[in-house]
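Residue numbers (our numbering): 17 to 370.
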């Protein structure tokens, strides 16, 4: 297959996949927006709901711009200006720096920055608001923003575009930093969740804990797919391969899907929060030294052990809850009732999930 055919096929397949992924983005968006506009999570302030809605709306607008720009560029390359000397590949090379392509590149850079910032904050919350944990990611994130801006400026310069010259070199540096950041943060989140999963299973039971401890839950919470798609993109981009286009389209849309999935899990009460992690970590410690065991009673279910803090557990819409107080045995500190599988975990004086 000639290089021209590779480029055209890459562009066509990229547009096709991007349209499908944009549909996924819209589904997640409307499901999330419906919940947020109806009041969001009970007990949440309007400020939280407004932030979530504004954030996902911003991401959807950026994703829509990127897909629309590529669709229009494809129409111009294959239909409107199909008689351009040199064919579609020549048109691509000559017009990759056109204003709306630069706008599309800007949208891609902004959505990656927005996704990275949410991941860093999630990592911060899940590790108990530890600034030391996010020190390295933050040190990478700051130059990532700077290099991203430089990439946008260079890609809009005469005789430059995102795929060649200085703009391409800066782009490689930018996305390398971003992908490295993703890998580090994803690893930190996965480690934290895996550490806490054992304790959550011990307290809630394996079946009830699947909401938090399943492979799907951990992959969604850690945005692992975001890191994988970034690696798939940066390799052909650094090698100046014409396959960059298709992998770039996938990476751009996944950079929107990943944070939107996290927010969807938060507003549907399925996400890990700082309180969930602390409960899991504390329970894991007790389970590992043999001081925590589970017992079933005729009227309630209790867990014997020493709880390090006061924790409220409530199932679904039930009005009853169990309270574990510091220094008290879990079995005598409260009561637990069974309800729908959706689980609400709350803890005094702790951060929200985001």
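We put the beta carbon where it would ideally sit given N, CA and C, even for glycine. Being a predicted model, the structure only gives us computed values, none of them experimental.
Around the CB of residue 185, fewer than 16 other CB atoms lie within 10 Å, so the residue is classed as exposed. Taking a C-beta distance under 8 Å as the contact criterion, residue 261 and residue 46 do not qualify as a contact pair. Residue environment analysis places residue 32 among the exposed positions, since fewer than 16 neighbouring C-beta atoms fall within 10 angstroms of its C-beta. The three-state secondary structure of residue 25, taken from DSSP, is helix. Between residue 74 and residue 52, the gap from beta carbon to beta carbon reaches 8 Å or more.
Two segments are said to touch when three or more pairs of C-beta atoms, one from each, lie closer than 8 Å; by this definition the region 268–281 touches the region 231–240.
The alpha-carbon of residue 132 is positioned some 38 Å away from that of residue 103. Here the alpha carbons of residue 121 and residue 246 stand approximately 16 Å from one another. Per DSSP, the continuous alpha helix (DSSP H) segment holding residue 115 begins and ends at 115–142.
Counting C-beta pairs closer than 8 Å gives three or more between the region 74–92 and the region 112–128, which meets the contact rule. Taking C-beta atoms under 8 Å as the contact rule, residue 251 and residue 192 fail to qualify, at a distance of about 10 Å. With contacts defined as CB atoms closer than 8 Å, residue 241 and residue 270 qualify as a contacting pair.
The C-alpha of residue 200 lies about 16 Å from the C-alpha of residue 190.
Here residue 138 is buried. Its C-beta has 16 or more other C-beta atoms within 10 Å.
Burial check for residue 263: the Cβ neighbour count within 10 Å reaches 16 or more, so the residue is buried. Ranking 111, 77, 71 and 101 by CA distance to the CA of residue 89 puts 111 first. Rounded to the nearest whole angstrom, the C-alpha separation of residue 161 and residue 97 is 36 Å. Beta-carbon to beta-carbon, residue 125 and residue 164 are separated by about 5 Å, close enough to satisfy the 8 Å threshold. Annotation: the continuous alpha helix (DSSP H) that includes residue 83 extends over 62–91.
Ranked by how close their Cα comes to the Cα of residue 180, the residues 37, 256, 79 and 169 have 256 in first place. For residue 111, the enclosing alpha helix (DSSP H) starts and ends at 103–111.
Nearest Cα to residue 188 within the set 108, 284, 210 and 248: 248. The straight-line gap separating the alpha-carbon atoms of residue 258 and residue 105 is approximately 11 Å. Distance check between residue 150 and each of 128, 203, 25 and 167 places 203 closest, using alpha-carbon atoms only. If you look at residue 268, you'll find it in the alpha helix (DSSP H) that goes 260–283. Per DSSP, residue 174 is not a residue of any alpha helix (DSSP H), being assigned neither H nor E. CA-CA distance, residue 157 to residue 130, rounds to 11 Å.
Going by DSSP, residue 249 is part of the alpha helix (DSSP H) stretching over 240–254.
Across the set 109, 153, 209 and 148, the C-alpha of 109 shows the shortest separation from the C-alpha of residue 171.
Taking 8 Å as the cut-off, the beta carbon of residue 273 is found closer than this to the beta carbon of residue 41.
Between residue 49 and residue 78, the CB-CB gap reaches or exceeds 8 Å.
By a beta-carbon distance limit of 8 Å, residue 265 contacts residue 30. Their separation comes to about 4 Å. Proximity to residue 282 across 34, 22 and 72 peaks at 72, based on C-alpha coordinates. Between the beta-carbon of residue 154 and that of residue 198 there is about 14 Å, and that puts the pair past the 8 Å contact cut.
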